[in-house]
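Numbering (this note's numbering), first residue to last: 2 to 517.
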Amino acid sequence: MARALTREESYVNGKLTRPALVSISILTFITFVGNFTQLQLSSALPTIVADFHISVTTGQWLTSVFQLVMGVMVPLTAFLTRRFSTRQIVICSMVVFTLGSALAWLGPTFVLVLLGRLLEAVGTGVMWPVLQITVFSIYPLSRRGVAMGTVGMAMSVAPALGPTIGGWQTDMTGWRSIFLTLTVIGVASVLLAVCFLHNFGESDRTAHADFFSVVLSIFGFGGLMFGFTNIEAYPFTNPMVWSAMLIGVLGIIWFVARQFIAPCEPGSNVMKRLVARSPKVEVPLLDLHVLRNKSFTVGTMTAALAFFAFSSIMVIVIPLYIQNDRGYSAMMSGLIMLPGAIGQCIAQFGGGRALDRFGARPVALVGTTILLLGTLGMSLIGPHTWIWWVSICQFTRQIGMGFVLMPVTTWSLNCLASHEVAAGSAVTNTVRQIAGAMGAPILVIVMESIAATRTAALGGGHAAAIAGSIFGVQSVLRLSTLIVAVMLVIVFLGVRGEGAGSARDLARRTVAKLHK
2 MARALTREES YVNGKLTRPA LVSISILTFI TFVGNFTQLQ LSSALPTIVA
52 DFHISVTTGQ WLTSVFQLVM GVMVPLTAFL TRRFSTRQIV ICSMVVFTLG
102 SALAWLGPTF VLVLLGRLLE AVGTGVMWPV LQITVFSIYP LSRRGVAMGT
152 VGMAMSVAPA LGPTIGGWQT DMTGWRSIFL TLTVIGVASV LLAVCFLHNF
202 GESDRTAHAD FFSVVLSIFG FGGLMFGFTN IEAYPFTNPM VWSAMLIGVL
252 GIIWFVARQF IAPCEPGSNV MKRLVARSPK VEVPLLDLHV LRNKSFTVGT
302 MTAALAFFAF SSIMVIVIPL YIQNDRGYSA MMSGLIMLPG AIGQCIAQFG
352 GGRALDRFGA RPVALVGTTI LLLGTLGMSL IGPHTWIWWV SICQFTRQIG
402 MGFVLMPVTT WSLNCLASHE VAAGSAVTNT VRQIAGAMGA PILVIVMESI
452 AATRTAALGG GHAAAIAGSI FGVQSVLRLS TLIVAVMLVI VFLGVRGEGA
502 GSARDLARRT VAKLHK
């Protein structure tokens, strides 16, 4: 299995060969496990906080550390896929994941459990970009939509199943059973990868990483995400927030400049002199030159806005409304959100097939419009709204996400040259992580600030607090509606050209079919 399978050996007569199908299935399963693991502890946090006698803010690091580590790991993807084979990356990643799960399972202190979570994040942080790159290396351009839609089905259902199953395990057998299960899954994944996974694409053993950029990415992405994560627990004037964000911003500016600017003469501006005096850049860690491709930039912007406006609403805002404001149980909250996950799973596949047939433009326009209508409907909720209206609106929103996110991302990567796909995948996934990490605390802070102002205006008390909280939820949902409206404008104006499903493209396809 050391030799990499070529596209001709992987995709024959319109379908995957058996070795390629098995390998893609293994990669999809492992990526699903990573997404599943990321949110599985959310329902178990109260129990873990009580067991270790720690604050809620400290306990939340078990979930926050995943975003922090993945924000640092994703930029490494382009180098890792260039330097190491598919099997080397996956086997090493799952060994680290398994060790982290075992440490969290057996760790007697919170610090060791947190270290285990960090290792889990390191082990799964690069798997989604690796899966993307593998799919693009196997499938022809005309079939990438349905391929990405198929693997995306597993990714879309993981965030809904994670908290539900994690809560059930915590209630039945304790929170440590979650990590025991993940340890077993990790061992099984290593065995599957060793026995059945094939390599795809050639690796270059002479490739080197720009480790100075790695350090900058750790301080930049890590600092920024650390600051935004802490802003939920501390005021902006606290050094845990402003100093971390300042270090993050400076680190990202320096990191971006280093990827773009070649070493230059000492007479230039300050940033160029800093770049010139730092170790020489042979190959950028994160090749930001792909952003010069207009179509790729449009796709990346759309994905970033989608993650900013969508993730925190699904994971934080709506569960708070269902449980805290309306008094329903955590299990009921999961049941209300579950149809949306199923809907997005179906829409991912349907959106991929529609992309291959009609192009990205009509599919993304329909998806963004559905997402806008669902978010607008969700913003109408109140203290006495039929609770299943929330489920209907969330189902609509996730159908829209299924039809917009994967097709636009696939189309934007299709617009790059084949040798730029790895860099493009790393860039778009890094931007998503940053947008998702910033979206949650920003929207939650806006919600809490508006809720506090409203509660004070109503005179205080429990009833006023509930009314103020619901008003804060409504306000954030209206803000999310505005962001989705901006997405719709970007898709309408920016998703054009070859493969986008423009009128010219559709006419050319029609003429081609008539001549057959």
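For every residue, glycine included, the Cβ atom is placed at its ideal position computed from N, Cα and C. Values in this document were obtained by computation on a predicted structure and should not be read as measured data.
Between the C-alpha atoms of residue i and residue j, what's the straight-line distance to the nearest angstrom?
{"i": "Ala457", "j": "Ala465", "result": "8 Å"}
{"i": "Ser470", "j": "His385", "result": "14 Å"}
{"i": "Trp129", "j": "Ile31", "result": "9 Å"}
{"i": "Arg145", "j": "Val127", "result": "20 Å"}
{"i": "Ile166", "j": "Gln41", "result": "7 Å"}
{"i": "Ala304", "j": "Arg433", "result": "7 Å"}
{"i": "Glu266", "j": "Leu225", "result": "With a pLDDT of only 44 at Glu266, under 50, the local geometry of the prediction cannot be trusted, and no value is derived from it."}
{"i": "Gln1", "j": "Gly60", "result": "There is simply no residue 1 to check, as the chain begins at 2 and stops at 517 in what is shown."}
{"i": "Phe137", "j": "Leu17", "result": "13 Å"}
{"i": "Gly341", "j": "Ser157", "result": "10 Å"}
{"i": "Val185", "j": "Trp106", "result": "11 Å"}
{"i": "Arg398", "j": "Ile371", "result": "7 Å"}
{"i": "Met173", "j": "Arg362", "result": "47 Å"}
{"i": "Phe212", "j": "Leu286", "result": "8 Å"}
{"i": "Ser190", "j": "Leu120", "result": "16 Å"}
{"i": "Arg455", "j": "Phe472", "result": "7 Å"}
{"i": "Phe493", "j": "Asp52", "result": "51 Å"}
{"i": "Leu77", "j": "Val13", "result": "32 Å"}
{"i": "Trp243", "j": "Phe85", "result": "38 Å"}
{"i": "Ala201", "j": "Glu10", "result": "Inspection of the sequence shows that residue 201 is occupied by Phe rather than by Ala. If you take the alpha carbons of Phe201 and Glu10, they lie about 10 Å apart."}
Buried or exposed for residue i, please, with buried defined as at least 16 other CB atoms from any protein chain shown within 10 angstroms of its CB.
{"i": "Cys346", "result": "buried"}
{"i": "Leu104", "result": "buried"}
{"i": "Asn36", "result": "buried"}
{"i": "Val405", "result": "buried"}
{"i": "Thr238", "result": "exposed"}
{"i": "Thr29", "result": "buried"}
{"i": "Ile55", "result": "exposed"}
{"i": "Trp412", "result": "buried"}
{"i": "Trp255", "result": "buried"}
{"i": "Val97", "result": "buried"}
{"i": "Phe67", "result": "buried"}
{"i": "Arg206", "result": "exposed"}
{"i": "Asn415", "result": "buried"}
{"i": "His463", "result": "exposed"}
{"i": "Cys394", "result": "buried"}
{"i": "Gly383", "result": "exposed"}
{"i": "His209", "result": "exposed"}
Can you tell me whether DSSP reads residue i as helix, strand or coil?
{"i": "Thr125", "result": "helix"}
{"i": "Ala418", "result": "coil"}
{"i": "Phe1", "result": "Residue numbering for the chain in the displayed model covers 2 to 517; residue 1 lies beyond these limits and cannot be assessed."}
{"i": "Leu6", "result": "strand"}
{"i": "Val391", "result": "helix"}
{"i": "Pro264", "result": "At Pro264 the pLDDT is 46, less than 50, meaning the model places this residue with poor confidence; the figure from the coordinates comes in the next sentence. DSSP places Pro264 in coil when its eight states are reduced to three."}
{"i": "Tyr322", "result": "helix"}
{"i": "Val496", "result": "coil"}
{"i": "Ser269", "result": "The pLDDT assigned to Ser269 is 49, lower than 50, so where the model puts this residue is not dependable; a value taken from the coordinates is nonetheless given after this. Looking at Ser269 - three-state DSSP - the assignment turns out to be coil, as it is neither helix nor strand."}
Identify the continuous alpha helix (DSSP H) that holds residue i and give its terminal residues.
{"i": "Leu46", "result": "46 to 53"}
{"i": "Pro20", "result": "19 to 41"}
{"i": "Arg362", "result": "361 to 379"}
{"i": "Phe67", "result": "62 to 74"}
{"i": "Ser86", "result": "That residue, Ser86, is in no alpha helix (DSSP H); it is neither H nor E in DSSP."}
Could you check if residue i belongs to the surroundings of the ligand SAM, using beta carbon to heavy atom distance under 7 Å?
{"i": "Pro236", "result": "The ligand content of the structure shown is nil, which means the ligand SAM is not present either."}
Could you say which of the options lies nearest to residue i if we only look at CA atoms?
{"i": "Gly328", "options": "Ile467, Leu162, Leu217, Leu251", "result": "Ile467"}
{"i": "Ala45", "options": "Leu286, Ser94, Gly175, Arg479", "result": "Gly175"}
{"i": "Arg177", "options": "Phe111, Ala304, Val445", "result": "Phe111"}
{"i": "Val474", "options": "Phe67, Val318, Phe309", "result": "Val318"}
{"i": "Val391", "options": "Thr301, Ile400, Met379", "result": "Met379"}
{"i": "Ser476", "options": "Trp255, Tyr322, Phe80, Gln133", "result": "Tyr322"}
{"i": "Ala365", "options": "Pro408, Met333, Arg354, Leu381", "result": "Pro408"}
{"i": "Phe359", "options": "His209, Val496, Gly163, Gln395", "result": "Val496"}
{"i": "Thr182", "options": "Leu444, Thr369, Leu100, Ala155", "result": "Leu100"}
{"i": "Gly150", "options": "Leu480, Val487, Gly403", "result": "Gly403"}
{"i": "Thr125", "options": "His209, Gly187, Leu162", "result": "Gly187"}
{"i": "Ile400", "options": "Gly375, Thr429, Ala418", "result": "Gly375"}
{"i": "Leu478", "options": "Val91, Ala424, Leu444, Arg88", "result": "Leu444"}
{"i": "Val114", "options": "Ile49, Glu9, Phe222", "result": "Ile49"}
{"i": "Val250", "options": "Gly353, Ile139, Phe222", "result": "Phe222"}
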